[in-house]
Amino acid sequence: MTFVVTDNCIKCKYMDCVEVCPVDCFYEGDNMLVINPDECIDCGVCEPECPAEAIFPDTEPGLDSWLKLNAEYASVWPNITIKREEPPDAKSFDGVANKLEQYFSADSGRGD
Amino acid sequence: MISSTAKLDHVSEDGIRQLVDAFYTKVRVDPDLAPIFACAIPGDWQPHLNKMYAFWSSVMLTTGRYKGNPVVKHLVIPGLQIHLFERWLALFNETCGELFDDSVSKEFRSKAERIAESLKLALFYRPDRPWPAEDPR
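These protein sequence lines map, in sequence, to chains A and B. Residue numbering for the first sequence follows our numbering, beginning at 8 and increasing consecutively. Residue numbering for the second sequence follows our numbering, beginning at 13 and increasing consecutively.
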């Protein structure tokens, strides 16, 4: 069991989650974060911390494709454990629908 | 004011310390768990207890005090079997119930159960075998 990062993280990337995660299982892309499902211990600490409400338990229906995306990019993006400033335009993208199709970037983020 | 025997009605660092201390006191004399823990922690227990204070503080109070990789730590424990997680949970739940009121106790138990399930999956799940599995590795 794991938690997964979903659509509303894209271009918001607030990063509050990385500070509270006890097992450092967040990985940073250019404009979103993902959780490594093999490292997540399902403690759920990150879920309420996310200002964009983008993190869900994988037991929720309809998250298969997100689980796959999290697993795939966690293996290529760098680990992130220290929060930085969110993108300056984060708030304007918070709540925008279907960001995956429009804005997702497969590029790596900076990591720690 | 609450009396010294009243159950704790909220989570605090002090409550976590009491829980961890009481729980591991039981673990260390439990016929099923004691041998595994004695093997994994052969010397001074205090560093482990400190780590567990930090772990539960991170999980229950979101303090970020613990940083580690429990899956990897558990992978190298010799003789660890899946049924021992049930025993661990039973003792943990019992200790929570002794210290905390029902609502707080339930919060701890629900976190512990989720974490145990995810550790069990990480350690014992094999795609070619049925799950839940009851057989040792």
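Here a beta-carbon is modelled for each residue, glycine too, at the ideal position from N, C-alpha and C.
Taking 8 angstroms as the threshold (beta carbon to beta carbon), is Met22 (chain A) in contact with chain B?
Here residue 22 (chain A) is taken as the residue at index 15 of the first sequence, counted from 1. No, Met22 (chain A) lies away from the interface with chain B (no Cβ there is under 8 angstroms from its Cβ).
Tell me the DSSP secondary structure of Leu111 (chain B) in three-state form.
Stepping through the second sequence from its first residue, residue 111 (chain B) is reached at position 99. Shown here, Leu111 (chain B) sits in a helix according to DSSP, grouped into three states.
Indicate whether the contact test is met: 3 or more Cβ pairs, each with one atom in the region 9-20 of chain A and one in the region 91-100 of chain A, closer than 8 angstroms.
Contact holds: three or more Cβ-Cβ distances are below 8 angstroms.
Residues of the region 38-49 of chain A with Cβ closer than 8 angstroms to any Cβ of chain B, in chain order:
Those residues of the region 38-49 of chain A that come within reach of chain B (Cβ to Cβ, closer than 8 angstroms) are Asp45, Glu46, Cys47, Ile48 and Asp49.
Do Phe52 (chain B) and Thr107 (chain B) have their CB atoms nearer than 8 angstroms?
Counting from 1 along the second sequence, the entry for residue 52 (chain B) is found at position 40. Counting from 1 along the second sequence, the entry for residue 107 (chain B) is found at position 95. Rather than Phe, the amino acid found at residue 52 (chain B) in this sequence is Ala. Cβ atoms of Ala52 (chain B) and Thr107 (chain B): not closer than 8 angstroms.
Endpoints, the beta strand (DSSP E) within which Leu40 (chain A) is located
Stepping through the first sequence from its first residue, residue 40 (chain A) is reached at position 33. In the DSSP annotation of this structure, the continuous segment of the beta strand (DSSP E) that includes Leu40 (chain A) starts and ends at Leu40 to Ile42.
Can you grab the Cα-Cα spacing for the pair Ala59 (chain A) / Gly76 (chain B), in whole Å?
Here residue 59 (chain A) corresponds to residue number 52 of the first sequence, with the count starting at 1. Here residue 76 (chain B) corresponds to residue number 64 of the second sequence, with the count starting at 1. Cα-Cα distance, rounded: 20 angstroms.
Kindly indicate which three-state DSSP category Tyr80 (chain A) falls into: helix, strand or coil?
On the first sequence, position 73 is the one that residue 80 (chain A) refers to. Tyr80 (chain A): helix per DSSP, three-state reduction.
Is Tyr78 (chain B) helix, strand or coil by DSSP?
The sequence position of residue 78 (chain B) within the second sequence is 66, counting from 1. DSSP places Tyr78 (chain B) in coil when its eight states are reduced to three.
Have a look at A:Pro29, A:Gly36 and A:Pro44 and flag the residue whose alpha-carbon is nearest the alpha-carbon of Ala78 (chain A).
For the purposes of this step, residue 78 (chain A) is taken as residue 71 along the first sequence, with counting starting at 1. The shortest CA-to-CA distance from Ala78 (chain A) to any of A:Pro29, A:Gly36 and A:Pro44 is the one to A:Pro44.
Contacts that Ser24 (chain B) makes with chain A (C-beta to C-beta distance below 7 angstroms):
Residue mapping note: residue 24 (chain B) aligns to position 12 of the second sequence, counting from 1. Residues of chain A with a Cβ closer than 7 angstroms to the Cβ of Ser24 (chain B) do not exist; the shortest Cβ-Cβ separation is about 17 angstroms.
Helix, strand or coil, according to DSSP, for Ser122 (chain B) in the structure here?
For the purposes of this step, residue 122 (chain B) is taken as residue 110 along the second sequence, with counting starting at 1. Three-state DSSP puts Ser122 (chain B) in a helix.
Any idea what DSSP makes of Tyr34 (chain A), helix, strand or coil?
To locate residue 34 (chain A), count along the first sequence from 1; it is residue 27. Strand, per DSSP.
Going along the chain, which residues of the region 49-61 of chain A sit with their C-beta nearer than 7 angstroms to a C-beta in chain B?
Per Cβ criterion, the list reads Asp49, Cys50, Gly51, Val52 and Glu56.
Look at the alpha carbon of Val39 (chain B) and the alpha carbon of Phe104 (chain B), and state the distance between them as a whole number of angstroms.
In the second sequence, counting from the first residue as 1, residue 39 (chain B) sits at position 27. In the second sequence, counting from the first residue as 1, residue 104 (chain B) sits at position 92. Each residue's Cα considered, the two are about 9 angstroms apart.
How would you list, in chain order, the residues of chain A whose beta-carbon sits under 8 angstroms from the beta-carbon of Leu133 (chain B)?
As a first step, residue 133 (chain B) must be located in the second sequence, where it is residue number 121. What Leu133 (chain B) touches in chain A, judged by beta-carbon distance under 8 angstroms, is Met8, going in chain order.
Report the rounded CA-to-CA distance for Gly51 (chain A) versus Ile127 (chain B), giving the unit in angstroms.
If you number the first sequence from 1, residue 51 (chain A) lands on position 44. If you number the second sequence from 1, residue 127 (chain B) lands on position 115. Whole-angstrom Cα-Cα distance: 9 angstroms.
Among B:Ala134, B:Lys123, B:Pro144 and B:Asp114, which residue has its Cα nearest to the Cα of Val88 (chain B)?
As a position in the second sequence, residue 88 (chain B) is number 76, starting the count at 1. The shortest C-alpha separation from Val88 (chain B) is found at B:Ala134.
Counted within 10 angstroms of its Cβ, other Cβ atoms place Ser130 (chain B) as buried (16 or more) or exposed
Looking up residue 130 (chain B) in the second sequence gives position 118. Classification for Ser130 (chain B): buried.
Sheet register partners of Asn86 (chain A) (DSSP bridge):
Position 79 of the first sequence holds residue 86 (chain A). Partner(s): A:Tyr34.
Tell me the DSSP secondary structure of Pro64 (chain A) in three-state form.
Walking along the first sequence from the start, residue 64 (chain A) turns up at place 57. Here Pro64 (chain A) sits in strand by DSSP.
Between A:Thr88, A:Asn15 and A:Leu76, which has its C-alpha nearest Gly80 (chain B)'s C-alpha?
Reading the second sequence from its first residue, position 68 is the one you call residue 80 (chain B). The shortest C-alpha separation from Gly80 (chain B) is found at A:Thr88.
If distances are taken between C-alpha atoms only, which option among B:Ala124, B:Gln93 and B:Glu110 comes closest to Leu101 (chain B)?
To locate residue 101 (chain B), count along the second sequence from 1; it is residue 89. With distances taken between Cα atoms, Leu101 (chain B) lies closest to B:Ala124.
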